[in-house]
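One structure below.
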Amino acid sequence: MKAEYENEITHEGELMIDDVAIPCYVLRNGERVLSTTGMQRVLGVIGNEPLQRSSGRLDEILTSKVVSRFISTGNTPSKYRPLQCYQGNKKISAYRATMLPEICEIMLKVRDYAIASNTELGIRQKAVVIQSDIIIRSLAKVGIIALVDEVTGYEKVKEGDALQQFLQRFLEEEKGKWVRTFPPDFFEAIFKMKGWTWKQASTKKPQVVGHYINNYVYARLGPKILKELRERNPKDEKGNRKGKHPQWINPDFGHPKLKEHLSILTAFAKAAGYNWTNWERMVERALPKFSQDGSAAQEIPFVDD
0 MKAEYENEIT
10 HEGELMIDDV
20 AIPCYVLRNG
30 ERVLSTTGMQ
40 RVLGVIGNEP
50 LQRSSGRLDE
60 ILTSKVVSRF
70 ISTGNTPSKY
80 RPLQCYQGNK
90 KISAYRATML
100 PEICEIMLKV
110 RDYAIASNTE
120 LGIRQKAVVI
130 QSDIIIRSLA
140 KVGIIALVDE
150 VTGYEKVKEG
160 DALQQFLQRF
170 LEEEKGKWVR
180 TFPPDFFEAI
190 FKMKGWTWKQ
200 ASTKKPQVVG
210 HYINNYVYAR
220 LGPKILKELR
230 ERNPKDEKGN
240 RKGKHPQWIN
250 PDFGHPKLKE
260 HLSILTAFAK
270 AAGYNWTNWE
280 RMVERALPKF
290 SQDGSAAQEI
300 PFVDD
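Residues 0 to 304, numbered by numbering that gives the first Met the number 0, are exactly what the sequence shown covers, in order.
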């Protein structure tokens, strides 16, 4: 039952390589797999006839004397055996997706060996060599895992998981000790651009500065950072927060990112000649806000003067 649960198909799609449609799946345990029939067809092991479905032909090629010599000794035969996957009551035989480029690389070594040693390959071996060259070229720019994730829709799940991992690294689960992470020269730059006095910056900063920090700092640090900070550090009935936002930022990962971002903003101010409009244009172009769902950055268009 455990194997059936872990090998349950959660996402499916169809991968096209060299005009061959390969059914592909993502299992509950995260394994990416390709149907045995589809993979053998794209490798040229079997044709398109409906009855040619046995995985035995690929096994015969991999265990042949000329091919097996190029299979790493650390790889056991079970690595190249198909998995039994489950989709409801339906059983599907599939190979691990990473097998495809591995087998192609093996067959290209076989080709080079055959040429160098003047060894004659079998008809099926020659067919697989030709297809392996085509497949390797097809996968040169995008890996097999990325392709499977794209066609099955699993990449959207990965994006969500990656976002949670980023937020966990960036933010503290509990409020940490307050560390002054905003350097004085950052506020000095803002006050210079707005024409305010440094005396104001040294005492009580105008309330609008808080909005600037949300807009130009937290909203641009990473996906959903501002949203998470507001949820973890909410306002009370009087509109006050229990602590400062930086107290919730992880000191090991988040603080360096925050300081780096502030340094860039401060450098932009100097490069813009402390002109607010020019500075804002630079920030929008170089550090656009993340979209509401945190999946991508959005750039606000500016009309050049």
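The beta carbon of each residue, even a glycine, is placed where N, CA and C say it ideally should be.
Report, in whole angstroms, the separation of the C-beta atoms of residue i and residue j, which I expect to be a contact under 8 Å.
{"i": "L225", "j": "Y217", "result": "4 Å"}
{"i": "I8", "j": "Y85", "result": "7 Å"}
{"i": "A96", "j": "I144", "result": "6 Å"}
{"i": "Q83", "j": "L57", "result": "Contact doesn't hold; Cβ gap of about 16 Å is too wide."}
{"i": "I60", "j": "V19", "result": "At roughly 17 Å, the Cβ-Cβ gap does not stay under 8 Å, so I60 and V19 are not in contact."}
{"i": "S131", "j": "L107", "result": "6 Å"}
Provide the residue span of the alpha helix (DSSP H) that contains residue i, from first to last.
{"i": "E13", "result": "Note, E13: premise wrong, no alpha helix (DSSP H); beta strand (DSSP E) at I8 to I16."}
{"i": "L61", "result": "G55 to T62"}
{"i": "P183", "result": "P183 to K193"}
{"i": "V109", "result": "M98 to S116"}
{"i": "Y211", "result": "V207 to I212"}
Do you know how far the Cα of residue j is from the Cα of residue i?
{"i": "A268", "j": "W275", "result": "8 Å"}
{"i": "N6", "j": "L26", "result": "5 Å"}
{"i": "G55", "j": "Y94", "result": "13 Å"}
{"i": "L286", "j": "L220", "result": "9 Å"}
{"i": "K191", "j": "P222", "result": "30 Å"}
{"i": "N277", "j": "E30", "result": "49 Å"}
{"i": "A342", "j": "V282", "result": "Any answer about residue 342 is impossible in this case: the structure gives the chain only from 0 up to 304."}
{"i": "I102", "j": "G209", "result": "57 Å"}
{"i": "N213", "j": "R284", "result": "17 Å"}
{"i": "M98", "j": "K78", "result": "8 Å"}
{"i": "M15", "j": "N28", "result": "24 Å"}
{"i": "K288", "j": "S71", "result": "48 Å"}
{"i": "V66", "j": "R80", "result": "16 Å"}
{"i": "K125", "j": "G37", "result": "19 Å"}
{"i": "P100", "j": "A115", "result": "23 Å"}
{"i": "K64", "j": "E104", "result": "17 Å"}
{"i": "V109", "j": "T118", "result": "10 Å"}
{"i": "K193", "j": "Y211", "result": "12 Å"}
{"i": "V156", "j": "Y24", "result": "14 Å"}
{"i": "T265", "j": "G142", "result": "39 Å"}
{"i": "W195", "j": "E227", "result": "31 Å"}
{"i": "K120", "j": "E11", "result": "Note that residue 120 corresponds to Leu in the displayed sequence, not to Lys. Cα to Cα, the separation comes out at about 36 Å."}
{"i": "T62", "j": "E230", "result": "58 Å"}
{"i": "E259", "j": "V41", "result": "48 Å"}
{"i": "I135", "j": "K90", "result": "29 Å"}
Do you know whose CA, among the options, lies nearest residue i's CA?
{"i": "V147", "options": "P22, Y85 and E101", "result": "P22"}
{"i": "S92", "options": "T35, V127, V208 and I263", "result": "T35"}
{"i": "V150", "options": "E279, E3, K288 and V32", "result": "V32"}
{"i": "C262", "options": "D184, E279 and V207", "result": "The sequence shown places Ser at residue 262, rather than the Cys named in the question. Ranking the options by Cα distance to S262, first place goes to D184."}
{"i": "D17", "options": "I129, T265, Y112 and F69", "result": "I129"}
{"i": "A188", "options": "G87, E13, V65 and E279", "result": "E279"}
{"i": "D111", "options": "H10, T265 and F69", "result": "F69"}
{"i": "G43", "options": "N117, I122, L257 and L264", "result": "I122"}
{"i": "L257", "options": "V65, Y153, A115 and P182", "result": "P182"}
{"i": "Y273", "options": "H260, P255 and F186", "result": "F186"}
{"i": "E88", "options": "Q124, E3, Y153 and K108", "result": "In the sequence as presented, Glu is not what sits at residue 88; that position holds Asn. The residue with the shortest Cα to Cα distance from N88 is E3."}
{"i": "E13", "options": "V207, W195 and Y153", "result": "Y153"}
What residue range is occupied by the uninterrupted beta strand (DSSP E) comprising residue i?
{"i": "P22", "result": "V19 to L26"}
{"i": "S34", "result": "R31 to S34"}
{"i": "R68", "result": "Neither: R68 is in no beta strand (DSSP E) and is coded neither H nor E."}
{"i": "S93", "result": "At residue 93 the sequence reads Ala, which differs from the Ser that was named. From DSSP, the beta strand (DSSP E) with A93 extends over K89 to R95."}
{"i": "Y85", "result": "L82 to Q86"}
Is any non-hydrogen atom of the ligand SAM found closer than 7 Å to the C-beta of residue i, if you look at the structure I gave you?
{"i": "R31", "result": "Inclusion of the ligand SAM in the displayed structure is not the case, the ligand content being empty and no account of it being possible."}
### Query
What runs of the alpha helix (DSSP H), each 4 residues or longer, lie entirely inside the segment 123-158?
Scanning the segment 123-158 from its first residue to its last, the whole alpha helix (DSSP H) runs of 4-plus residues come out as 143-151.
#### Entry: Unbroken stretches of the alpha helix (DSSP H), 4 residues or longer, contained in the segment 261-293
If you keep only unbroken alpha helix (DSSP H) runs of at least 4 residues inside the segment 261-293, you get 275-285.
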